[in-house]
Amino acid sequence: MLCCLLCAAPPVLNAEAVSFRNDVMAVLSKAGCNAGACHGNANGKASFKLSLRGESPDLDFLALTHDQFNRRVDLMQPEQSLILLKAAAQLAHEGGQRFKTNSWEYKALLGWLEQGASNDVASAVVLRRLEVKPVEAILIHPTNKVQLAARAFFSDGSERDVTTVAVYESANPAVQIAADGKVQSELPCETTVLVRYLEQQVPVTLAFIPARAGFTWVKPEPHNYIDRHIFAKLQRLRMNPSEVCSDETFVRRAYLDLLGIIPTADEARSFVLDRTETKRARLIDTLLERPEFADFWALKWMDLLRAEERMLDRKGLELLHRWVRQSILDHKPLDQFAREIIAARGSTYKNPPANFYRATRSPVERAEAAAQMFLGVRVQCAQCHNHPFDRWSQDDYYDWQRVFARVKYKVLENRRRDDNDGHEFKGEQIVYLAPSANLNNPRTGAPAKPRFLGEDNECSSEDELAALARWVAGPDNPFFAKVQANRVWYHLMGRGIVEPLDDFRASNPPSNPALLEELARDFVNHGFDLRQLIRVIMNSRTYQLAAAPSETNVDDEANFARSIPRRLIAEQLLDSQSRVLGVPLQFPGYPDGTRSVQLAGSLPERRRGEGRADVEKFLAGFGKPPRLLPSECERSSDPTMGQAFQMMNGPVMNEMLSGKLAGELAASPIPIPEKITELYWSALSRAPTETEVSKLARYLREEGGGSEPFKDVIWALLNSKEFLFR
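Just so you know, we're using the working numbering here: the sequence shown kicks off at 8 and counts up by one.
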């Protein structure tokens, strides 16, 4: 009966043929029918399910023409088809009206139905390329709109204007986009507009900027290629960079960024009083060789490697931390560092990088962690369907997962505390590759084949991990150098050139593509030298800009026109308090005086009923991550009321204030102004102003000059924004 129905309506003569593959599928996307919020949802809507964003035209054809006893199409009376009546709001439809009866969408669907609702997925011409103009535009007020034009190029050499057919999506909700591709914004902003037609998508970067009447480019002198790229874009945006920061600001910034701790009073004062022109470059070189640099930058990698005690056990955790720290201390190139982690196997005690696989127990975890850490790619969305914002398909996802599927574990012993916790491991393990893997692609039901992301050919090596290690950290890899350069930039500048820093995709382009390209190229040319990359960034004028905004860059966050203040991370804050007050930290199980950046794990395990030490609660309260995700985004910098109590009247603050510093200051015979000056150099890396000295000296004299008033002054300095922020 179905065959009779499908054949009953003869094609309309003398009418242009409507392609299901290239026209109907475009209608479903334009109308939003196959979006995740509608029928493209994993479970569909109202018993009607389409593939997300049209990734499976064959299945969508069946859903339209065969599902629910063919109730959605009526080839005898095409106008009475449910897909028209509901979408045009002629029948009740939860999704509302998607198009009108006189629209091209309605006419295309009606034409397809009148022509017999045929399936031409296998025979239709294939979209080869989508071209959008402009791909970049800077619009200066009063100009606040731009018309985008989209053109499709097909496999038979034909081309078509698809401007009104394409889908337009803005990353900024303040930007309005009409159905015909006209983009408009009433507010100054930058945005990426993703233009999508069928399976192709093109990102367009737009900047809407105020006129800034009388704007004059100040012509700042660049220090290196970083500044040339940054300043070139700022000039196009009619935005001047801020002034270069003071020596006091620079020395504190450099110590925090490289060592994770503020300088001592003597270190800060010595730098500021130095009058040589090359002192900033010399300070950078000196700090890069200090052992505290390895401590602080090892912390960043331990966060990424998900190194925590429950999964690795205390011994494995400390061995991995020692290996990471020593690698940085020994100037190990970052490509070699990555290769040794990816290819690691054997004993987790004798070969510490093998603990990477101990922390990622399944092929899913390994594949997603490696993609995010080393390639800056978040492939998670492709597990259930083709990635909606990137090029990765389900086939890519499962073939990539197959690369890690042969990793197995031999548990020599497990002295876990909780027998019901299958994720707790205590004891040595052996990581090895099994002879075979059983991993099927759920889309096809066939075995997945080991294939690297972005590569067409299957990995033919008998050792997929060794081959992957060579490929990931190779100089020609399109991802590795860029994502590592972007990661270092993020840690020094507070924001990635690609942001979030581990989410590289076409719809999330870099704010300055030319800069990222040259940083990556420079990184490769210098043998993946971490210190050289840091050195070139910190010697740039861009890194050394002040935080105080200029009239033109006050609203800038993405173009590095000024330094953006950011709160000290938990470890920086606690270690800096300890340094100012001269009170060594005490962590259970570690020698007294261990700094928080030197801790191997996130937060140590405690038996049920055991409480955490106050210093551990402090670190957790200020955002130290539990290391459950392979991403810097897990570390929180959000302010909480609990943090305010910790800083103002918490046990750590009170215990440190009860140390000997306040009493020594009160008993010292030196004049009060000199005591105040020393406190300022110690806490804020600068001398106090005359007003600050005058007010604090008056307060201390009025309160009798004992230890309690000095505690008040120290407390005020440690709770000041100038201390809490970089």
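Even glycine gets a Cβ: it sits at the ideal position worked out from N, Cα and C.
On the three-pair Cβ rule with 8 Å, is the segment 224 to 241 touching the segment 538 to 550?
-> Of all C-beta pairs linking the segment 224 to 241 to the segment 538 to 550, three or more are shorter than 8 Å, placing the two stretches in contact.
Pair within 8 Å by beta-carbon distance, Val700 and Pro716 | No Cβ-Cβ contact shorter than 8 Å links Val700 with Pro716.
Could you tell me if Gly164 is buried or exposed, where buried requires 16 or more neighbouring beta carbons within 10 angstroms of its beta carbon?
-> Counting every other CB atom within 10 Å of its CB across the protein chains shown gives Gly164 a total below 16, marking it as exposed.
Between the beta-carbon of Lys417 and the beta-carbon of Gln401, is there less than 8 Å?
-> No, they are not a contact pair.
Mind checking who Thr199 pairs with in its DSSP beta bridge?
-> As DSSP reads the structure, Thr199 sits in a beta bridge with Thr212.
Tell me which same chain residues have a C-beta within less than 6 Å of the C-beta of Ala305, skipping the five on either side of it?
-> Taken in chain order, the residues that qualify are Val331, Arg332 and Ile335.
According to DSSP, is Gly649 helix, strand or coil?
-> DSSP places Gly649 in helix when its eight states are reduced to three.
Please name the residue, chosen from Lys152, Pro229, Gln208 and Pro227, that lies closest to Pro195 on a Cα-to-Cα basis.
-> Of the listed residues, the one whose Cα sits closest to Pro195 is Lys152.
Cβ distance (whole Å) where Leu89 is taken to contact Arg78 below 8 Å = 6 Å between Cβ atoms; contact.
Cβ neighbours of Ser714 in the same chain (closer than 7 Å, five flanking residues each side left out) = Ala669, Gly670 and Ala673.
Report yes or no: do the segment 115 to 134 and the segment 24 to 40 share at least 3 C-beta pairs separated by less than 8 Å?
-> The segment 115 to 134 is in contact with the segment 24 to 40.
For Leu446 and Arg423, believed in contact at Cβ under 8 Å, the rounded distance = Not quite, the Cβ-Cβ distance comes to about 28 Å (not below 8 Å), so this is no contact.
Looking at C-beta atoms only, is the number of pairs between the segment 135 to 155 and the segment 204 to 222 that lie closer than 8 Å three or more?
-> Output reads yes: the segment 204 to 222 touches the segment 135 to 155.
Alpha-carbon to alpha-carbon, Pro370 and Leu664 | Looking at the two C-alpha atoms, the distance is approximately 50 Å.
Just reading off the alpha helix (DSSP H) that Ala178 is part of, what are its end residues?
-> Unbroken run through Ala178: none, as it is neither H nor E.
Who are Ser192's beta bridge partners in DSSP?
-> According to DSSP, Ser192 bridges with Val182.
Where Ser689 falls: helix, strand or coil (DSSP) | DSSP places Ser689 in helix when its eight states are reduced to three.
Starting from the C-beta of Ala156, find all residues in its chain whose C-beta is less than 6 Å away, skip the five residues before and the five after it, and write them out in chain order.
-> Close CB contacts of Ala156 within its chain, under the 6 Å cut and outside five residues either way in sequence, are with Lys140 and Thr170 (chain order).
For the alpha helix (DSSP H) holding Glu623, just list the boundary residues, first then last.
-> Here the alpha helix (DSSP H) through Glu623 covers Asp621 to Gly628.
State the DSSP-derived secondary structure class of Asn484, mapped to helix, strand or coil.
-> If DSSP states are grouped into helix, strand and coil, Asn484 belongs with coil.
Identify whether Gly353 lies in helix, strand or coil by the three-state DSSP scheme.
-> Strand.
Would you report the Cα separation of Gln584 and Val172, rounded to the nearest angstrom?
-> Spanning the two alpha carbons is a distance of roughly 60 Å.
Would you mind giving the Cβ-Cβ distance between Ala7 and Phe730, rounded to the nearest angstrom? I have them listed as a contact below 8 Å.
-> Residue 7 lies beyond the range of the chain shown here (8 to 733); nothing can be said about it.
Is the shortest distance between the beta-carbon of Val331 and the beta-carbons of chain D less than 8 Å?
-> No chain D is present in this structure, which holds just one protein chain.
Is the beta carbon of Glu578 less than 8 Å from the beta carbon of Gly267?
-> Yes.
Would you mind working out which of Ala366, Glu228, Thr283 and Ala261 sits nearest Arg313, comparing C-alpha positions?
-> For the options Ala366, Glu228, Thr283 and Ala261, the alpha carbon positioned closest to that of Arg313 is the one of Ala366.
Just checking, does the segment 32 to 44 make contact with the segment 87 to 107 on the three C-beta pairs under 8 Å criterion?
-> Touching, yes, given that three or more Cβ pairs across the two stretches are closer than 8 Å.
Using beta-carbon positions only, say whether Gln593 and Phe530 come within less than 8 Å of one another.
-> Cβ atoms of Gln593 and Phe530: not closer than 8 Å.
To the nearest angstrom, report how far apart Val587 and Leu382 are at their CA atoms.
-> So the two alpha carbons sit approximately 40 Å from each other.
Compute the beta-carbon to beta-carbon distance between Ala527 and Lys489, rounded to the nearest angstrom, for a pair I have assumed lies under 8 Å.
-> About 4 Å separates the two Cβ atoms, so the contact holds.
With 16 as the cutoff for other CB atoms within 10 Å, does Cys14 come out buried or exposed?
-> Reliability fails at Cys14, whose pLDDT of 40 lies under 50, so the model's placement of it is uncertain and no value is given.
Kindly provide the ranges of any alpha helix (DSSP H) runs that are 4 or more residues long and lie completely inside the segment 116 to 153, ordered along the chain.
-> Counting whole runs of 4 or more residues, the segment 116 to 153 contains no alpha helix (DSSP H) stretch at all.
Since Gln436 is in the alpha helix (DSSP H), which residue starts that stretch and which ends it?
-> Per DSSP, Gln436 lies in no alpha helix (DSSP H) segment; the continuous beta strand (DSSP E) that holds it begins and ends at Gln436 to Leu440.
From Met660, Pro248 and Leu311, residue whose alpha carbon lies closest to that of Leu635 | That would be Leu311, whose Cα lies nearest to the Cα of Leu635.
So what's Val25 in DSSP terms, helix, strand or just coil?
-> Here Val25 sits in coil by DSSP.
Just curious, the alpha helix (DSSP H) that Lys286 is in, first and last residue?
-> Following the DSSP letters along the chain, one finds Lys286 inside the alpha helix (DSSP H) bounded by residues Lys286 to Leu295.
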